[in-house]
Amino acid sequence: MGSPSTRLQDLPIELVMKIQSFLPEHDCISFLLCFHSVELFNEACKIKSDYNKICSAGATRYLRIFLPKLKKTSDSFLTSASRFGRTNVLDWFVKRGFELKCPEDAINWACNNGHVDVLEWWKKSGLELKWSEDAMDLASENDHVDVLDWWKKSGLELKWNKDVMIYASGYGHLNVLEWWKNSGLEVQWSEDAMDLASEYGHVKVLE
């Protein structure tokens with residue numbers, strides 16, 4: 001009896017494609033990597049999108065395979081890599097001499113998903129960074145205090161929305177509320193924040 005990986009490689013491509021169609025986008029590439037088959041992967045990419053999924057999965061070896069087709073990066077490639085914490089993909093583009101520009105969505109998604117390493121990568125890149133109020137808002141909404149700490153220490157301009165406390169209260173993120181309280185930054189403690197915390201039963205927030 002062959003190993004599990006060997007048995008996987010013996011599956012017909014039609015079945016493999018059926019299985020991967022049920023997977024989230026960022027897991028699809030990781031699944032296909034099990035087959036160690038360029039042909040299979042290439043066929044899959046024709047059917048289910050392409051470089052964005054490769055960047056999402058951090059699959060730089062497939063970027064190498066498709067390098068002749070890559071003339072330049074796009075915002076979506078860099079955003080996909082940043083969204084899923086794939087600094088190896090960002091490094092890959094730099095080492096191969098691609099001209100990079102920092103998309104605003106790349107920073108926002110990194111904050112949304114708590115990828116401090118990605119934020120640090122972009123800061124150290126020396127490139128002009130773009131971000132909006134959404135960056136700190138999304139970090140607050142998703143309970144990423146470490147991201148808020150990073151922004152406070154980064155030396156970069158801090159931007160946030162006046163409704164930032166509403167989001168944190170609605171999700172019951174007490175640590176985030178404490179962070180803002182102790183940050184020394186100007187925020188609004190509105191009745192809407194209290195109402196939302198009450199609606200969702202976040203007693204500790206109300207206290």
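Here the sequence shown is numbered in UniProt numbering, starting from 1 and rising by one per residue.
Even for Gly, the Cβ is constructed at its ideal location relative to N, Cα and C.
Straight across, the Cα-Cα distance linking residue 155 with residue 54 is about 33 angstroms. Under the three-state reduction of DSSP output, residue 89 falls in the helix class.
Per DSSP, residue 163 is not a residue of any alpha helix (DSSP H), being assigned neither H nor E. Its chain contains 103, 105, 106 and 109 as the residues whose beta carbon lies nearer than 8 angstroms to that of residue 79, once the 5 sequence neighbours on both sides are disregarded; these appear in chain order. Assigned with DSSP and collapsed to three states, residue 60 falls in helix. Between residue 73 and residue 100 a beta carbon distance of about 6 angstroms is seen, short of the 8 angstroms cut, so the two are scored as contacting. In this structure, residue 141 and residue 159 do not form a Cβ contact; the two beta carbons are roughly 15 angstroms apart against a cut-off of 8 angstroms. Contact annotation, residue 145 with residue 176: C-beta distance approximately 6 angstroms; criterion of less than 8 angstroms satisfied. Listed in chain order, the non-local C-beta contacts of residue 63 below 8 angstroms within the same chain comprise 51, 54, 55, 70, 89 and 92, local neighbours out to five positions each way being set aside.
Taking C-alpha positions only, residue 136 is separated from residue 152 by approximately 10 angstroms. Secondary structure note for residue 76: its alpha helix (DSSP H) is the uninterrupted segment 75-83.
One Cα belongs to residue 126, the other to residue 164, and the distance between them is close to 29 angstroms. Annotation note: the stretch 83-151 contains the following uninterrupted alpha helix (DSSP H) runs of length 4 or greater, listed N- to C-terminal: 87-95, 104-113, 116-124 and 134-141.
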